[in-house]
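Enquirer: Residue numbers (full-length UniProt numbering): 1 to 948.
Just so it is clear, CB atoms sit at the ideal spot from N, CA and C, and this is done for glycine as well.
#1: Residue 77 and residue 124 - do their beta-carbons sit closer together than 8 angstroms?
#2: Tell me residue 291's beta-bridge partners as DSSP assigns them.
#3: Return helix, strand or coil for residue 30, following the three-state DSSP convention.
#4: With distances taken between CB atoms, is the gap from residue 788 to residue 801 smaller than 8 angstroms?
#5: Are residue 746 and residue 817 closer than 8 angstroms when you measure CB to CB?
#6: Does the Cβ of residue 39 have 16 or more other Cβ atoms within 10 Å, making it buried, or fewer, making it exposed?
#7: Inspect the beta-carbon positions of residue 700 and residue 843 and report whether they are closer than 8 angstroms.
#8: Under 7 angstroms from any heavy atom of the ligand NAD, does the C-beta of residue 560 make it?
#9: Sort 602, 276, 126, 524 by Cα distance to residue 225 and report the nearest one.
#10: Would you mind giving the Cβ-Cβ distance between residue 170 and residue 217, rounded to the nearest angstrom? I have them listed as a contact below 8 angstroms.
#11: Over the uninterrupted alpha helix (DSSP H) stretch that includes residue 273, give me the two end residues.
#12: Using C-beta distances below 8 angstroms, list every residue in its chain close to residue 344, excluding the 5 sequence neighbours before and after it, in chain order.
#13: Count the other CB atoms, across all protein chains shown, that sit within 10 Å of the CB of residue 381; report buried if there are 16 or more and exposed otherwise.
#14: In angstroms with no decimal places, state the Cα-to-Cα distance between residue 626 and residue 777.
#15: Does DSSP classify residue 536 as helix, strand or coil?
#16: Restricting to Cα atoms, I'd like to know which of 400, 215, 364, 809 is closest to residue 267.
#17: I'd like the list of long-range same chain contacts for residue 51, defined as Cβ closer than 8 angstroms, with 5 residues on each side in sequence excluded.
#18: Please classify residue 68: is it buried, with 16 or more other beta-carbons within 10 angstroms of its beta-carbon, or exposed?
#19: Is it buried or exposed, residue 142, if we count other Cβ atoms within 10 angstroms and call 16 or more buried?
#20: By how many angstroms is the C-alpha of residue 489 removed from the C-alpha of residue 362?
#21: Among residues of its own chain, excluding the 5 on either side of residue 851, which ones have a beta-carbon nearer than 7 angstroms to its beta-carbon?
#22: Would a C-beta distance cut-off of 8 angstroms place residue 633 and residue 532 closer than the cut-off?
#23: I need the DSSP call for residue 763, collapsed to helix, strand or coil.
#24: Note the first and the last residue of the continuous alpha helix (DSSP H) segment covering residue 221.
#25: With a cut-off of 8 angstroms on the beta carbons, I'd call residue 836 and residue 734 a contact; round off their distance for me.
#26: Exposed or buried, which one is residue 651 when buried takes at least 16 other CB atoms within 10 Å?
#27: Please go through the stretch 487-550 and give each complete alpha helix (DSSP H) segment of 4 or more residues, from N-terminal end onward.
#28: What separation, rounded to the nearest whole angstrom, lies between the Cα atoms of residue 806 and residue 558?
#29: Looking only at C-alpha atoms, which of 808, 577, 27, 854 sits nearest to residue 792?
#30: Do the CB positions of residue 393 and residue 466 come within less than 8 angstroms of each other?
#31: Around the C-beta of residue 198, are 16 or more other C-beta atoms found within 10 angstroms, so that it is buried, or is it exposed?
#32: Flag this pair as touching only if the stretch 547-556 and the stretch 608-618 have three or more C-beta atom pairs under 8 angstroms; answer yes or no.
#33: According to DSSP, simplified to helix, strand and coil, what is residue 554?
#34: What three-state label does DSSP hand residue 823 in the structure shown?
#35: So is residue 21 buried or exposed if we call it buried at 16+ other beta carbons inside 10 Å?
As structure tokens, this is what we get:
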């Protein structure tokens, strides 16, 4: 925007003048917006530090009733965004919904200007969103390369995202230009007609935006190609090439139109796009520069005092009452601060200008005084010369008078001796010793008198001239001395006055500076206190997670905890540095606020991850870790509380948080798995060693399982389980062999010119995974053999075989996955490895199935054998009881025989035969057993042994 002399607005005429300009700039006439009206609107935004007045009247315009009115509204809004006050962007953000509604309304209608309005509103919304997200870029898009580099940063993700957003921005700009040119071609309009100029006028702002966007995208594309491979950025290059050709055609067509030639100087783009694959091509890039020629000032229109009333009657007063009182107070305070700053700057500039003027006057007076002093010195020298000359003239006059007296004495003819003895006589007569002829005495005296008279007259005239010159010099000297004294007095008075004014201005300036410094200190501390309060809430939430039962299921790894704790320790160092800087200079709290924000986030993250890590740790380390996290939170909250008070701010010690963070770091390192503590240079040898050990362990396991399965006399159930285990071990052996071949192929294809150890060291994560998988396979195979031996010896459980089979299947999948990461997908070794993995899974499933089946059959047979054993025990118990009863029966018979012999007498014929016994009361015989259980005494057979 070119500001003309006298173009500034006063507070009394700002709103009416801006209302007049809005009414004349945004109308239904199919003609371009006049520059003077847009300039007044833009100056109004700078005067009121925003676009409040503009939007107050703009929202009352009947935009849905006229597409031309909406088109010119978009044009004026674009100019206000580009050249208006920076706060215009925030005001436009609050009215984004109005802009979107106008665009959507005209996008649904089949109107030529309506379609242009739809495209234009999308561009304006994109522009507002971009500049709100990236406040480093002003709405005019004019920043230095240093600001662009700082905004892009070093993170390739940020650069990538910023480039995509600029591509979207450029697409909206080019889409608007293409839509305008398409309608011009359709309507056969030329750039000198008002209808064509009404459509072409907004393209001036589009050209200005596109020139900057093109330069920034070129810079960012070269920066991306320096960080990422070329294949990744193929899509970016294709999109840039498409935009380059569209922009070049747009500039070429606009340059050929007479309308643009007097308003803007359009740059020329190169014939082809830059070669981003060649880094040196950046030096060949030339930034396109758009030049707006100076235009003659337009005639000012007479002010109309009734226009503001007309606007108030038509559209109503500005709806400022919708704002909150707090917002109004904040805006008023901001305006007051800006006004004070402006006044302070003006006072400073005025004081500097006045001081420089006074210094110039003092220097001029000093130079003039020096010149007068030189003239005075010169006059004194001339006066001395004149006095010297006057003394000489007086001496000559006295000499002449004396000579005249001598002439008078000579005329009276004194004695010849006396005449000759006098000087005049000697002069007249000469020396007596000379032999020249002498003139007569009378003639010589007359000649000398005439000469002396003439000489005396000349001396008298010269004396009079010298006296006159001397008097003139004395007068000039006195006048010069009086002038010098006057100059010195005036200079002294001027110096005193300037010193007083300077002291007064310095006092005012010091007061203003003190007031602004106090406000600045208060604002900086308010920002610090707000940041500390927010950080305190973040840490309180993190500390609450330590006792939250819902957080028990969250877990974390010690490695991640160590990384978070280390980052938090680095943030503590930055916090100490920022705190020290703030204590030295409290007018700048930016470093402390940034460090405090980062520290609160990292400390809270460390506490939460410490709690999550403790959920998987053993009891003792977990308790110590939780206690350390709790202590870290307490220290951090205490520090944040001290930072929120002016009295305790200097007592805050950020170093106190370092000790609990170091404790968390140490506990995290202790909880890290120790199996991976291997130096990278040892990984290559360790891979070969582990693979060889795995192969050896599997070969040994195969041999042992074969020996176990060859034992004679095993049950057919155990034999079936051992056979399935043997098949599984053979499949594992084939898997390990194939994996070793694939591993060698991976190393040979991927190491290039490096050695095998360097390849393993470079891919340490993959190497550690491969080592872990091979160890798991070897351990599973060994455990399977031990479990099979224990099952055969009836000292193990069948569940052990099942668990070992599952572990082998899982470790096999891990080994295949680790190999598949680096292998070529078309490798035959990889295909064979996957086949071997499927075979291992099948064999493991067979082992599981045979183990479960054998376990069920053995349990069934055990139940049957357990029942038979119980019957045998019962038979043995009955046999024992029977034997005891037989012994008892024998004892009874013996007693019976003894009793019978004592009562009767034996006969002679048969002395060994007892006689008939008397009728005695005999004990009742025991109950008879079944025939097959009777002994020989009962006439039964001897069948006490059961034949099973």
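Expert: Quick look at the numbers:
#1: Result yes, Cβ atoms of residue 124 and residue 77 sit closer than 8 angstroms.
#2: Its beta-bridge partners are 265.
#3: Correct three-state label for residue 30: coil.
#4: Closer than 8 angstroms, so yes.
#5: No, they are not a contact pair.
#6: Counting C-beta atoms within 10 angstroms of its own C-beta, residue 39 has 16 or more neighbours from the protein chains shown and is therefore classed as buried.
#7: Contact: no.
#8: Here there are no bound small molecules, and the ligand NAD is not part of this structure.
#9: Nearest option by C-alpha distance: 276.
#10: Right, the Cβ-Cβ distance comes to about 7 angstroms (below 8 angstroms), so this counts as a contact.
#11: Here residue 273 belongs to no alpha helix (DSSP H), and DSSP marks it neither H nor E.
#12: Cβ neighbours of residue 344 within its own chain (closer than 8 angstroms, five residues either side excluded): 509, 512, 513, 516.
#13: Within 10 angstroms of the beta-carbon of residue 381 lie fewer than 16 other beta-carbons, which makes it exposed.
#14: Taking the straight line from one Cα to the other gives about 36 angstroms.
#15: Helix.
#16: Ranking 400, 215, 364, 809 by Cα distance to residue 267 puts 215 first.
#17: The beta carbon of residue 51 is closer than 8 angstroms to those of 45, 80, 84, 85, 87, 88, 91, 92 in its chain, skipping five residues each way along the sequence.
#18: The residue is buried, with at least 16 neighbouring Cβ atoms inside 10 Å.
#19: Classification of residue 142: exposed, given that the 10 Å Cβ count is below 16.
#20: Cα to Cα, residue 362 sits roughly 12 angstroms from residue 489.
#21: So the list reads 721, 798, 801, 802, once near-sequence residues are dropped.
#22: No; because the gap between Cβ atoms is not below 8 angstroms, this pair is not in contact.
#23: Residue state, collapsed to three classes: coil.
#24: That run of the alpha helix (DSSP H) goes 203-225.
#25: Correct: roughly 5 angstroms between the Cβ atoms.
#26: The C-beta of residue 651 has fewer than 16 other C-beta atoms within 10 Å across all chains shown, which makes the residue exposed.
#27: If we require 4 residues or more, the stretch 487-550 turns out to have no alpha helix (DSSP H) run fully inside it.
#28: Residue 806 and residue 558 have their C-alpha atoms spaced approximately 27 angstroms apart.
#29: The residue with the shortest Cα to Cα distance from residue 792 is 854.
#30: In this structure, residue 466 lies closer than 8 angstroms to residue 393 by Cβ.
#31: With at least 16 other beta carbons inside 10 angstroms of its own, residue 198 counts as buried.
#32: Contact between the stretch 547-556 and the stretch 608-618 is present: 3 or more CB-CB pairs across the two stretches fall below 8 angstroms.
#33: Coil.
#34: DSSP places residue 823 in the coil class of the three-state scheme, outside both helix and strand.
#35: The residue in question, residue 21, is buried, as its Cβ has 16 or more Cβ neighbours within 10 Å.
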